[in-house]
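Comments concern the structure below.
Residue numbers (the working numbering): 605 to 857.
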């Protein structure tokens with residue numbers, strides 16, 4: 605499996621890299637949140653633009669990205685609009701979704717862009733090409749906030765992301781039992797050991813799935829999400845607690 609180097613981090617080796625989301629609604633809230641998150645020394649900061657009050661104004665999004673890059677010049681920045689169907693904050697048309705992604709890519713003020721797998725295939729592939737031409741890496745994602753698919757289906761989705769050109773395939777699922785968490789971990793290890801030729805991100809959500817956010821180095825997930833001021837998904841734990849546990853596991857492998 606190859607690794608991915610961005611700025612001062614290498615994704616796919618060592619302990620999982622810690623991603624912290626920005627969940628502020630207004631510009632003021634986002635800047636306050638950035639100051640808090642910076643003290644946590646995350647490896648990657650994710651801007652969850654679907655909660656931003658001016659997300660439907662492309663110029664406002666461009667300007668905010670410019671400001672974020674100015675205050676976070678050395679931090680890997682992930683741009684994410686989580687669609688409503690996959691647990692996001694706002695409903696928008698698919699056309700606008702892809703226009704938003706293309707706008708973010710065009711600024712070149714991001715390092716990573718999230719593209720959801722279950723969107724129009726031709727648009728997904730086109731935006732992957734645009735991102736790659738701009739030296740921006742693609743996190744292709746899928747989120748199931750209700751269930752955990754079978755092991756075979758989880759692997760199938762991750763492999764499809766690879767086929768579509770994702771630099772980092774990502775899947776998040778909701779467990780309804782401890783067995784579901786084991787399914788996700790088993791799928792992760794099988795994907796890593798048999799099929800993955802690049803870093804992957806997997807997680808089982810909610811309290812039941814917390815172990816999956818901690819054990820990525822063992823099973824094969826290369827990044828994990830920690831809560832800054834606010835969690836962006838069920839089961840995220842504070843960054844300080846997350847790092848402590850990641851270090852314990854890393855130092856004993």
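The beta-carbon is built from N, C-alpha and C at its ideal position, and this holds for glycine as well. All values reported here derive from a predicted model rather than from experimental measurement.
To the nearest angstrom, how far is it from the Cα of residue i to the Cα of residue j?
| i | j | result |
| --- | --- | --- |
| residue 622 | residue 699 | 31 Å |
| residue 798 | residue 630 | 44 Å |
| residue 796 | residue 781 | 23 Å |
| residue 783 | residue 617 | 28 Å |
| residue 695 | residue 857 | 43 Å |
| residue 788 | residue 619 | 19 Å |
| residue 823 | residue 806 | 10 Å |
| residue 641 | residue 647 | 11 Å |
| residue 702 | residue 627 | 21 Å |
| residue 724 | residue 697 | 12 Å |
| residue 633 | residue 669 | 15 Å |
| residue 692 | residue 686 | 4 Å |
| residue 769 | residue 682 | 17 Å |
| residue 753 | residue 639 | 38 Å |
| residue 827 | residue 810 | 17 Å |
For the beta strand (DSSP E) containing residue i, list its first residue and its last residue.
| i | result |
| --- | --- |
| residue 741 | 741-748 |
| residue 718 | 716-720 |
| residue 807 | 805-808 |
| residue 684 | 680-684 |
| residue 626 | 621-626 |
Measure the beta-carbon distance from residue i to residue j and round it to whole angstroms, keeping in mind my assumption that it falls under 8 Å.
| i | j | result |
| --- | --- | --- |
| residue 665 | residue 716 | Not a contact, Cβ separation roughly 16 Å. |
| residue 650 | residue 624 | 7 Å |
| residue 706 | residue 734 | 6 Å |
| residue 785 | residue 830 | Actually they do not touch by this definition, with Cβ atoms about 19 Å apart. |
| residue 644 | residue 832 | 6 Å |
| residue 713 | residue 673 | 4 Å |
Which of the three DSSP states, helix, strand or coil, is assigned to residue i?
| i | result |
| --- | --- |
| residue 561 | The structure shown does not extend to residue 561, since the chain spans only 605 to 857, so no value can be given for it. |
| residue 611 | coil |
| residue 648 | strand |
| residue 841 | coil |
| residue 556 | What is shown of the chain runs 605 to 857, which leaves residue 556 out entirely. |
| residue 687 | strand |
| residue 727 | helix |
| residue 703 | helix |
| residue 656 | coil |
| residue 811 | helix |
Is any non-hydrogen atom of the ligand MG found closer than 7 Å to the C-beta of residue i, if you look at the structure I gave you?
| i | result |
| --- | --- |
| residue 804 | You won't find the ligand MG in this model; it holds no ligand whatsoever. |
What are the start and end residues of the alpha helix (DSSP H) that includes residue i?
| i | result |
| --- | --- |
| residue 776 | No alpha helix (DSSP H) contains residue 776, which is instead part of the beta strand (DSSP E) from 772-777. |
| residue 675 | 662-675 |
| residue 696 | Element bounds for residue 696: n/a, residue is neither H nor E. |
| residue 798 | Element bounds for residue 798: n/a, residue is neither H nor E. |
| residue 815 | 814-818 |
| residue 605 | Note, residue 605: premise wrong, no alpha helix (DSSP H); not H, not E. |
| residue 635 | 631-642 |
| residue 760 | 755-767 |
ask   = Does the stretch 839-855 touch the stretch 653-666, meaning 3 or more C-beta pairs lie closer than 8 Å?
value = Of all C-beta pairs linking the stretch 653-666 to the stretch 839-855, fewer than three are shorter than 8 Å, placing the two stretches out of contact.
message = With three or more beta-carbon pairs closer than 8 Å as the criterion, would you say the stretch 814-823 touches the stretch 846-855?
response = Pairwise C-beta distances place the stretch 814-823 in contact with the stretch 846-855, as three or more of them are shorter than 8 Å.
query = Counting pairs of beta carbons, one from the stretch 740-751 and one from the stretch 766-782, are three or more of them closer than 8 Å?
reply = At 8 Å Cβ cutoff, the stretches touch.
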